[in-house]
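Residue numbers (the UniProt record's numbering): 1 to 344.
Every residue gets a Cβ at the ideal spot worked out from N, C-alpha and C, and that includes glycine.
The structure appears below as C-alpha cells.
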Amino acid sequence: MSSPEISVLMSVHNGRPHLSAAIESILDQTFGDFEFIIVNDGSTDGSDRVLSRWGRRDPRIRVIQQANRGLPAALNRGLREVRGRFVARMDADDVSLPQRLERQLDFMRAHPGVGVLGTGIAKMDSQGMLSTETWPLPSSPGLTLWRTLFDSALAHPTVLFRREVLERTGGYDERFRRAQDFELWMRLALQTRMQSLPEVLLYRRVSAQGKVHPAPELDALLLRRMADLHGRVLGRSPNREDVAFCRRIYGQTAQGESAWGLLARIRYLRGLRRELLVRSEDARADAEAIEEDLHRKMMKVCYEVQRARPLLGQGLKALSPGWNRTLLQYIRKASSRSFRGGQA
Numbered sequence: 001m002s003s004p005e006i007s008v009l010m011s012v013h014n015g016r017p018h019l020s021a022a023i024e025s026i027l028d029q030t031f032g033d034f035e036f037i038i039v040n041d042g043s044t045d046g047s048d049r050v051l052s053r054w055g056r057r058d059p060r061i062r063v064i065q066q067a068n069r070g071l072p073a074a075l076n077r078g079l080r081e082v083r084g085r086f087v088a089r090m091d092a093d094d095v096s097l098p099q100r101l102e103r104q105l106d107f108m109r110a111h112p113g114v115g116v117l118g119t120g121i122a123k124m125d126s127q128g129m130l131s132t133e134t135w136p137l138p139s140s141p142g143l144t145l146w147r148t149l150f151d152s153a154l155a156h157p158t159v160l161f162r163r164e165v166l167e168r169t170g171g172y173d174e175r176f177r178r179a180q181d182f183e184l185w186m187r188l189a190l191q192t193r194m195q196s197l198p199e200v201l202l203y204r205r206v207s208a209q210g211k212v213h214p215a216p217e218l219d220a221l222l223l224r225r226m227a228d229l230h231g232r233v234l235g236r237s238p239n240r241e242d243v244a245f246c247r248r249i250y251g252q253t254a255q256g257e258s259a260w261g262l263l264a265r266i267r268y269l270r271g272l273r274r275e276l277l278v279r280s281e282d283a284r285a286d287a288e289a290i291e292e293d294l295h296r297k298m299m300k301v302c303y304e305v306q307r308a309r310p311l312l313g314q315g316l317k318a319l320s321p322g323w324n325r326t327l328l329q330y331i332r333k334a335s336s337r338s339f340r341g342g343q344a
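If you want it as C-alpha cells, here you go:
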C-alpha cells in the first residue's frame with residue numbers, strides 16, 4: 001500500500017456538535033492524496049459514534065481510540081501512525097476551505113527550506129457566523145521568527161509540517177495541555193523556516209469565553225522555554241525580568257512597568273533585535289517589518305503604562321528608523337523624575 005502525500009491529524013475530545021463539519025471540510029479538499037488520522041481522546045459525548053459513521057463512509061479516515069490524556073498526548077499518539085511526507089493539523093471544531101491542502105502543498109514543494117506553513121484564518125462563532133475581525137499573522141520567515149520570540153506566530157490548526165521536521169523535535173511536549181503550539185514553535189524557531197500564507201484558508205471557531213491562558217506552572221515552563229530561545233539568539237543567558245516583560249507585552253498585557261524599568265526592557269528588546277539580525281538571514285530580509293512590529297508594541301506599552309503616558313505623543317511622531325532614539329530620550333527624562341519620587 002503506497003503512502004499518502006499528506007497525513008491530516010486531528011484530535012477530538014467531546015467535540016460532537018461541530019465534528020461532522022470539520023471532517024467534511026477535509027474530505028472535500030481539492031487535493032485528495034491524504035490519510036485522515038483522528039484520535040478520539042476519551043470523548044464521552046457520542047463523538048465516537050460520529051467518528052465510526054464517517055470511518056465507514058471514507059477509507060481515508062483512520063480512527064484511534066484512547067483514554068483522555070490531553071491534546072499534545074493525543075497528537076503524539078497520532079504522529080506515531082502517520083505515513084505521509086507532510087503532516088497537516090486540523091481541529092475538531094474548525095472548517096478548512098476546499099483549497100487549503102492544495103495551496104499549502106504547492107507552496108511547500110516550491111520552497112523546500114520552509115518546514116512549517118500556516119495560513120490566514122477568519123474567526124467564526126459557535127453558530128458558524130463569520131466575524132469581520134481579522135487575525136493578523138506574519139507571512140514571511142523573518143517576521144515569523146521575530147514574533148516567535150514573544151508569542152505564538154502561527155495558527156496551530158492551519159499548519160502543514162514536513163514530517164521529518166516534527167520527527168527531529170520529538171513531537172509535542174505533553175506537559176503543555178495549553179500553549180503546546182507556542183512551545184513547539186519555540187523549539188523549531190532556529191531549526192527551520194516557518195511562515196503563513198496570507199490567504200484565509202481556515203475558519204476558526206472562537207469561544208465567547210475568549211482566550212484561555214496557561215496555568216501559572218505552565219506559564220513558568222513557557223518562560224523557561226522563552227529564556228532558552230532568547231539565549232540562543234543573544235549568545236548569553238537573559239535575565240528573568242527581561243523575558244517576563246517580553247511575555248507580557250506580546251502574549252498578555254503590560255502591567256505595572258515603571259518608566260525606569262521600561263528603559264532597561266527597551267534596551268533588552270533592541271539588543272534582541274540586533275542579535276537576531278546578525279544570526280538570521282531571514283530576519284535581515286524582514287528588518288523593516290520587525291522594526292515596525294517592535295514600534296507598535298512599544299506604543300501599546302506606552303498606552304498601558306501609567307508613568308509612561310507622556311511618552312506616547314512623542315513616540316507616535318517617531319515612526320521612522322530613528323524612533324528608538326526619540327523614545328529613549330523621553331524615557332530617560334521620565335525615569336529621572338520617577339527615580340526622584342516625582343510623577344513621570
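Opening and closing residue of the beta strand (DSSP E) in which residue i lies
| i | result |
| --- | --- |
| residue 21 | That residue, residue 21, is in no beta strand (DSSP E); its alpha helix (DSSP H) goes 16-27. |
| residue 91 | 86-91 |
| residue 346 | Residue 346 lies beyond the range of the chain shown here (1 to 344); nothing can be said about it. |
| residue 11 | 6-12 |
Residues near residue i by beta carbon distance below 6 Å, same chain, minus five either side
| i | result |
| --- | --- |
| residue 81 | 37 |
| residue 8 | 26, 34, 36, 88 and 90 |
| residue 138 | 144, 147 and 153 |
| residue 321 | Confidence is the limiting factor: at residue 321 the pLDDT is only 49, short of 50, which leaves the residue's position unreliable and the question unanswerable from this model. |
| residue 18 | 93 |
| residue 285 | 142 |
Where residue i falls, given that 16 or more other Cβ within 10 Å makes a residue buried
| i | result |
| --- | --- |
| residue 278 | exposed |
| residue 6 | buried |
| residue 84 | buried |
| residue 129 | exposed |
| residue 103 | buried |
| residue 58 | exposed |
| residue 354 | Any question about residue 354 goes unanswered here, given that the chain covers just 1 to 344. |
| residue 212 | Note that residue 212 scores 48 on pLDDT, short of 50, meaning its location in the model is unreliable; the coordinates nonetheless yield the value given after this. Classification for residue 212: exposed. |
| residue 43 | buried |
| residue 22 | buried |
| residue 167 | exposed |
| residue 180 | buried |
| residue 280 | buried |
| residue 110 | exposed |
| residue 24 | exposed |
| residue 183 | buried |
| residue 308 | Bear in mind that a pLDDT of 45 at residue 308, under 50, signals an unreliable position, so the model cannot answer this. |
| residue 242 | buried |
| residue 112 | exposed |
| residue 220 | exposed |
| residue 238 | buried |
| residue 28 | exposed |
Own chain, CB closer than 7 Å to residue i, minus 5 neighbours either side, in chain order
| i | result |
| --- | --- |
| residue 133 | 123 |
| residue 290 | 142, 143, 146, 273 and 283 |
| residue 16 | 45, 46, 47 and 50 |
| residue 68 | 13, 41 and 42 |
| residue 256 | With a pLDDT of 46 at residue 256, under the threshold of 50, the modelled position of this residue cannot be trusted; read the value that follows with caution. For residue 256, where only same-chain residues beyond five positions count, there are no Cβ hits under 7 Å. |
| residue 209 | At residue 209, the pLDDT of 49 sits below 50, so the modelled position is not reliable; the number obtained from the coordinates is stated separately. Excluding residues within five positions, none has a Cβ falling inside 7 Å. |
| residue 287 | 277 |
Check whether residue i and residue j have beta carbons under 8 Å apart
| i | j | result |
| --- | --- | --- |
| residue 153 | residue 204 | no |
| residue 72 | residue 176 | yes |
| residue 158 | residue 202 | yes |
| residue 74 | residue 20 | no |
| residue 200 | residue 78 | no |
| residue 108 | residue 117 | yes |
| residue 225 | residue 186 | yes |
| residue 192 | residue 115 | yes |
| residue 190 | residue 236 | no |
| residue 195 | residue 140 | yes |
| residue 101 | residue 230 | no |
| residue 54 | residue 64 | no |
| residue 269 | residue 294 | yes |
| residue 66 | residue 39 | yes |
Chain-order list of residues whose beta-carbon lies under 8 Å from that of residue i (same chain, five-residue window excluded)
| i | result |
| --- | --- |
| residue 105 | 5, 6, 31, 86 and 160 |
| residue 76 | 171, 172 and 174 |
| residue 240 | 223 and 227 |
| residue 163 | 7, 82, 84, 85, 86 and 87 |
| residue 244 | 223 |
| residue 131 | 122, 123, 124, 125 and 206 |
N-terminal and C-terminal residue of the alpha helix (DSSP H) that residue i is part of
| i | result |
| --- | --- |
| residue 282 | 281-285 |
Contact test: residue i Cβ vs the ligand SAM heavy atom, cutoff 7 Å
| i | result |
| --- | --- |
| residue 13 | Looking for the ligand SAM in the displayed structure turns up nothing, as the structure carries no ligands at all. |
Residue-level contact to chain D via CB, residue i, 8 Å cutoff
| i | result |
| --- | --- |
| residue 29 | As a matter of chain content, chain D is missing from the structure shown, which is built from one protein chain. |
Q) Taking only runs of the alpha helix (DSSP H) that begin and end inside the region 217-252, which ones reach a length of at least 4 residues, in chain order? A) 240-251
Could you tell me which uninterrupted alpha helix (DSSP H) segments, each at least 4 residues in length, are contained entirely in the region 39-120, listed from first to last along the chain? 47-57, 71-79 and 100-110
Can you list, in chain order, the stretches of the alpha helix (DSSP H) that have 4 or more residues and sit fully within the region 130-210? 141-148, 163-169 and 180-188
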